[in-house]
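Enquirer: FYI, the numbering for the sequence shown is 10 to 213, going by the working numbering.
In this text, a Cβ means the ideal position worked out from N, Cα and C, and glycines have one as well.
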Amino acid sequence: MSASLLPLFLSSLPSRSRSFITITRSHYIHRPAQALQFYSHRRQIMKIAVFSDTHGFSRGMINAVEEYKPDQIIHLGDGMPDAEKVREMFPQIPVCCVPGNCDGYYDDEEAYKLITLGPLKAFLTHGHRYAVRGGKLDVLLYAVECCGAQIAMFGHTHRALFDQIGGIFVLNPGTAGKAPRRTWAKLEITPDGTVSCDICDIVS
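1. Can you tell which of F163, H64, I198 has its C-alpha closest to the C-alpha of C111?
2. Out of curiosity, what's the CA-to-CA distance linking Y115 and G86?
3. Use the C-beta contact count for S61: other C-beta atoms within 10 angstroms, 16 or more gives buried, fewer gives exposed.
4. Within its chain, find whatever has a CB closer than 8 Å to the CB of V107; leave out the 5 residues flanking it on each side and keep chain order.
5. By the three-class DSSP mapping on this structure, what secondary structure does I208 have?
6. According to DSSP, simplified to helix, strand and coil, what is S49?
7. Pop quiz: P200 and W193 are said to be a contact at Cβ under 8 Å. What is the actual Cβ separation, rounded to whole angstroms?
8. Tell me which residues share the same chain as D210 and place their Cβ nearer than 8 Å to its Cβ, disregarding the 5 neighbours each side in the sequence.
9. Kindly indicate which residue of G202, G143, A161 has the alpha-carbon position closest to the one of Y151.
10. Would you mind working out which of T166, L126, K56 sits nearest K145, comparing C-alpha positions?
11. Closest to C105 by CA distance: which of D91, Q81, F99 is it?
12. Can you list, in chain order, the stretches of the beta strand (DSSP E) that have 3 or more residues and sit fully within the region 113 to 150?
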């Protein structure tokens with residue numbers, strides 16, 4: 010579905026929003042098995058490092074990747090040059106990123122990406138096109154449903170969140186840039202679709 014066709018207005022959607030909450034420990038939630046996939050000879054769990062809103066502060070993100078050694082890196086916007094720097098430093102790790110409102114001009118088709126993470130589909134966006142600033146997620150969740158994804162990831166608010174709403178996992182890693190608390194997310198997915206997430210502090 011074209012980004013231009015995804016819903017951008019809140020008024021026509023049913024209300025089912027949640028306020029943002031900060032998660033400080035791991036949450037483990039089980040999903041029904043959809044596929045069986047092994048990610049390496051060493052382990053079955055897919056490890057994903059999720060960042061957003063680095064705003065030029067790439068050092069903490071680099072430290073996190075060096076420590077965590079993920080299978081996939083995701084950057085949710087407002088720091089595309091930082092994502093490119095990480096891509097250059099860790100060429101063996103796939104990096105997926107979407108532009109934010111501070112990343113200059115990008116085409117509407119780049120406003121979101123739909124990717125596969127093990128047996129699940131994930132909808133990635135910065136969030137400014139989906140009215141997330143006020144803490145309401147109706148527009149975003151409707152777009153995720155339209156794409157048939159099970160995971161929604163966004164940034165923009167600088168507030169960390171991990172929750173399950175209407176059967177959809179919702180993740181905002183917070184800001185890895187300049188803020189009183191800088192955070193990122195460790196997301197892990199098993200072949201049977203079990204999802205765990207830990208919001209971690211950035212160490213510079």
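Expert: Taking the definition as stated:
1. H64
2. Between Y115 and G86, the alpha-carbon positions lie close to 11 Å from each other.
3. buried
4. H84, L85, G86, E119, A120, Y121, K122, L133, T134, H135
5. strand
6. Model confidence at S49 stands at a pLDDT of 40, short of 50, so the residue's coordinates are unreliable; what they give is reported in the following sentence. Looking at S49 - three-state DSSP - the assignment turns out to be coil, as it is neither helix nor strand.
7. Not confirmed; about 24 Å, so no contact.
8. For D210, where only same-chain residues beyond five positions count, the Cβ hits under 8 Å are R190, R191, T192.
9. A161
10. T166
11. For the residues D91, Q81, F99, the minimum Cα distance to C105 belongs to Q81.
12. 121 to 126, 129 to 134
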